[in-house]
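J.:
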Amino acid sequence: SNALNFSGGPGALPETVLEQTRVAIDALPETGISILGMSHRSDWFRSILDEAELNLRILLGISDDYAITFQQGGSSLQFAMIPMNFAATGFGPPEYVTSGYWSSRATAEAAKVTERKVAWDGHATGYRQLPTLDELDISGSAAYLHYVTNETVEGLQFPVCEEAAQVPLIADMSSDFLSKPIRPDAYSMMYAHAQKNLGPSGVTVVVVKRSLLERIPDGLPAILDFRTHVSHGSNYNTPPVFAIYVLTLITRWLRFDVGGLDAMQSINERKARRLYDTLDALEGAVTIHANRRWRSQMNVAFTFGDSRLDNAFIEAARERGIVGLEGHRSIGGLRVSLYNAVTEQAVDILANALTEFSLQRA
Ligand code: PMP
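Numbering-wise, our numbering puts 33 at position 9 of the sequence shown, and it's gapless, one number per residue.
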């Protein structure tokens, strides 16, 4: 397709990956069988799972102290599974940073499973800023501290890898995983669903420190127990073979076409700079939701000030083949998502459309 896709997710995928996917739907070069009919118990699929895991370890620098699993149910299932597995007896209530739409969902879901604390809440200030985690007053006995590294809806991102030395840190990285290097050792668990930077929806990458698995209580339904996914090598029940295959293609693309996460970060920084510079140059014609210091490199939420103008821009952009700009239903306005597969050229075309649109209105 020639559309320029800035959707918040599922989002754009690299053209070369889409091309390989088209071939695979017809017949996989390695097996002669359509990817849609490949057995999850085949040697071929085992090798895909192993390769996906290896590529993630290499891209992110994840040691064998961590297990990597591929699960279903999206990040929303993780919101429930995390407290079920890790709000263990012998520890204090887990603590949650509530900094936007998705972290407040995580916070609310945890409350249905366990007693939990809100370590920081950005609601009263409209979710426009983020805290520094190591300045929060977290109980040393807390079971864990949960936060979202990039708030997809509001366009807020923690600029650096956070530290929380006293307690296990658990991060929802759904909307910035694989967009830049991270320090995995800062985390006890990190997770991300696929449909932003990793592939199509249907699979969630869950990276968890093996030592944390020892805290899991017995008696959980097998599929909700992280140990099941680790011990069955992400093949306990029928996994989403197609989604995991495309994820593997994405990790190959990142390693061998892009050249790793440092290179990906440079490209993403240029894209974000181009867009923010353009918006800042419109001087008052647009309002960016995030306070400057916490502007996300992945999602840029803004408004021309009223929904009539926002919709007029969506229409003007559509005529140029630009799609996916509608803001999330919870805050309205516009949102540009700059996931890995969005090209610099696409951002250029969008930036020019923004400038022209506001000149016409001036
Ligand atoms: N966390 C974040 C940061 C998200 O952006 C989203 C969805 N966009 C979710 C969680 C929920 O993910 P899912 O739809 O896979 O349950």
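C-beta: ideal position from N, C-alpha, C; glycine also. This one's a predicted model, so the numbers in the text were calculated from it and none came from an experiment.
Shorter than 6 Å, the distance from the beta carbon of H352 to the closest heavy atom of the ligand GDP, or not?
T.: This structure lacks the ligand GDP; its bound ligands are the ligand PMP.
J.: Starting from L193, trace the beta strand (DSSP E) in both directions and tell me its first and last residue.
T.: Against the sequence shown, residue 193 aligns to sequence position 169. 193-196 is the span of the beta strand (DSSP E), which, as asked, contains L193.
J.: Is the beta carbon of R359 less than 7 Å from the beta carbon of A325?
T.: By one-based count along the sequence shown, residue 359 stands at place 335. By one-based count along the sequence shown, residue 325 stands at place 301. Yes, Cβ-Cβ distance for R359 and A325 is below 7 Å.
J.: Going along the chain, which residues of its own chain have a beta-carbon closer than 7 Å to the beta-carbon of E75, five neighbours each way excluded?
T.: The sequence position of residue 75 within the sequence shown is 51, counting from 1. Cβ within range, chain order: T272.
J.: Does the Cβ-Cβ distance between T173 and D200 come in under 7 Å?
T.: Taking the first residue of the sequence shown as position 1, residue 173 is located at position 149. Taking the first residue of the sequence shown as position 1, residue 200 is located at position 176. Cβ distance < 7 Å, so T173 and D200 count as in contact.
J.: Out of curiosity, what's the CA-to-CA distance linking V270 and L60?
T.: Counting from 1 along the sequence shown, the entry for residue 270 is found at position 246. Counting from 1 along the sequence shown, the entry for residue 60 is found at position 36. Rounded to whole angstroms, V270 to L60 spans 12 Å at the Cα level.
J.: Based on DSSP bridge pairs, tell me the residues matched to W144.
T.: Taking the sequence shown and counting its residues from 1, one reaches residue 144 at position 120. V121, per the DSSP bridge assignment.
J.: Are three or more beta carbon pairs between the region 301-316 and the region 174-187 nearer than 8 Å?
T.: Cβ pair count under 8 Å is three or more, so yes.
J.: Which word fits D209, buried or exposed, when buried means at least 16 other C-beta atoms lie within 10 angstroms of its C-beta?
T.: In the sequence shown, residue 209 corresponds to position 185, counting from 1. With fewer than 16 other Cβ atoms within 10 Å, it is exposed.
J.: Should D249 be labelled buried (16 or more other beta-carbon atoms within 10 Å of its own) or exposed?
T.: In the sequence shown, residue 249 corresponds to position 225, counting from 1. It counts as buried.
J.: Quick check: is any heavy atom of the ligand PMP less than 6 Å from the C-beta of H313?
T.: Taking the first residue of the sequence shown as position 1, residue 313 is located at position 289. The answer is no for H313.
J.: Is V47 buried or exposed, if buried means 16 or more other CB atoms sit within 10 Å of its CB?
T.: Working through the sequence shown from its first residue, we reach residue 47 at position 23. Answer is exposed; the Cβ neighbour count stays below 16.
J.: How long is the line joining the alpha carbons of P224 and A218, rounded to whole angstroms?
T.: On the sequence shown, position 200 is the one that residue 224 refers to. On the sequence shown, position 194 is the one that residue 218 refers to. Near 6 Å, if we compare the C-alpha coordinates of A218 and P224.
J.: Using alpha carbons as the reference points, say which of S203, E380, G35 lies closest to I291.
T.: Stepping through the sequence shown from its first residue, residue 291 is reached at position 267. Per the Cα distances, S203.
J.: Sorry if obvious, but does the Cβ on S99 come closer than 6 Å to a heavy atom of the ligand PMP?
T.: The residue given as residue 99 occupies position 75 in the sequence shown. Yes.
J.: Are S24 and G348 touching if we call contact CB-CB under 7 Å?
T.: Outside the modelled stretch of the chain, which goes from 25 to 386, sits residue 24, for which no answer is possible.
J.: Classify G61 as helix, strand or coil using the three-state DSSP reduction.
T.: On the sequence shown, position 37 is the one that residue 61 refers to. G61 falls in the helix class under three-state DSSP.
J.: Please go through the same chain and pick out, in chain order, the residues whose beta-carbon is closer than 8 Å to the beta-carbon of S127, but skip the five residues on each side of it.
T.: Within the sequence shown, the letter at position 103 stands for residue 127. Within the same chain, S127 has close Cβ partners Y120, V121, H170, Y171, V172, E175, D196.
J.: Is D196 near the ligand PMP, with its Cβ less than 6 Å from a heavy atom?
T.: The residue you call residue 196 lines up with position 172 of the sequence shown. Indeed, a heavy atom of the ligand PMP lies less than 6 Å from the Cβ.
J.: So G124 and V177 are supposed to be a Cβ contact under 8 Å. How far apart are they, rounded?
T.: Locating residue 124 in the sequence shown gives position 100, counting from the first residue. Locating residue 177 in the sequence shown gives position 153, counting from the first residue. Confirmed, about 6 Å.
J.: Whose C-beta lies closer than 6 Å to the C-beta of G226 among residues of the same chain, with five residues either side of it excluded?
T.: As a working note, residue 226 is residue 202 in the sequence shown. P264, A267, listed in sequence order.
J.: Measuring from the CB of W126, is there a heavy atom of the ligand PMP at a distance below 6 Å?
T.: Along the sequence shown, read from residue 1 onward, the residue named residue 126 stands at position 102. Result yes, Cβ under 6 Å from the ligand PMP.
J.: What does the alpha-carbon distance come out to for the pair L299 and R207?
T.: Taking the sequence shown and counting its residues from 1, one reaches residue 299 at position 275. Taking the sequence shown and counting its residues from 1, one reaches residue 207 at position 183. Between L299 and R207, the C-alpha separation is close to 27 Å.
J.: Based on the DSSP secondary-structure assignment, which residues constitute the bridge partners of M322?
T.: Translated into positions along the sequence shown, residue 322 becomes position 298. According to DSSP, which records beta bridges pairwise, M322 is partnered with nothing at all.
J.: Name the residue from G164, A166, G35 whose alpha carbon lies nearest to the alpha carbon of M322.
T.: As a first step, residue 322 must be located in the sequence shown, where it is residue number 298. Of the listed residues, the one whose Cα sits closest to M322 is G35.
J.: Looking at the unbroken beta strand (DSSP E) that takes in A91, where does it start and where does it end?
T.: Position 67 of the sequence shown, counted from the first residue, corresponds to residue 91. It spans 90-95 - the beta strand (DSSP E) in which A91 sits, taken as one unbroken run.
J.: Out of A309, M105, E77, D145, state which residue places its alpha-carbon closest to the alpha-carbon of T138.
T.: Within the sequence shown, the letter at position 114 stands for residue 138. Closest by alpha carbon: M105.
J.: In the DSSP output, what is A166 paired with across the bridge?
T.: What you label residue 166 is simply residue 142 of the sequence shown in a count that begins at 1. A166 pairs with G116.
J.: Say yes only if the C-beta of S199 is nearer than 6 Å to one or more non-hydrogen atoms of the ligand PMP, and no if none qualify.
T.: Taking the sequence shown and counting its residues from 1, the one referred to as residue 199 is at position 175. Yes.
J.: What residue range is occupied by the uninterrupted beta strand (DSSP E) comprising S225?
T.: Sequence index remark: in the sequence shown, residue 225 carries index 201 (1-based). Segment: none, S225 is in no beta strand (DSSP E) and carries neither H nor E.
J.: Using a threshold of 6 Å, is the CB atom of G226 nearer than that to any non-hydrogen atom of the ligand PMP?
T.: Along the sequence shown, read from residue 1 onward, the residue named residue 226 stands at position 202. No, Cβ of G226 sits at least 6 Å from all heavy atoms of the ligand PMP.
J.: Going by other Cβ atoms of all chains shown within 10 Å of its Cβ, with 16 needed for buried, is Q44 buried or exposed?
T.: As a first step, residue 44 must be located in the sequence shown, where it is residue number 20. Classification of Q44: buried, given that the 10 Å Cβ count is 16 or more.
J.: Residue range of the beta strand (DSSP E) that S361 falls in?
T.: For this step, residue 361 is matched to residue 337 along the sequence shown. That run of the beta strand (DSSP E) goes 358-361.
J.: I need the boundaries of the beta strand (DSSP E) containing H217, first residue and last residue.
T.: Sequence index remark: in the sequence shown, residue 217 carries index 193 (1-based). Unbroken beta strand (DSSP E) run through H217: 213-217.
J.: When the Cα of P241 is compared with those of N109, E368, S66, A365, which residue comes out closest?
T.: Against the sequence shown, residue 241 aligns to sequence position 217. It is N109.
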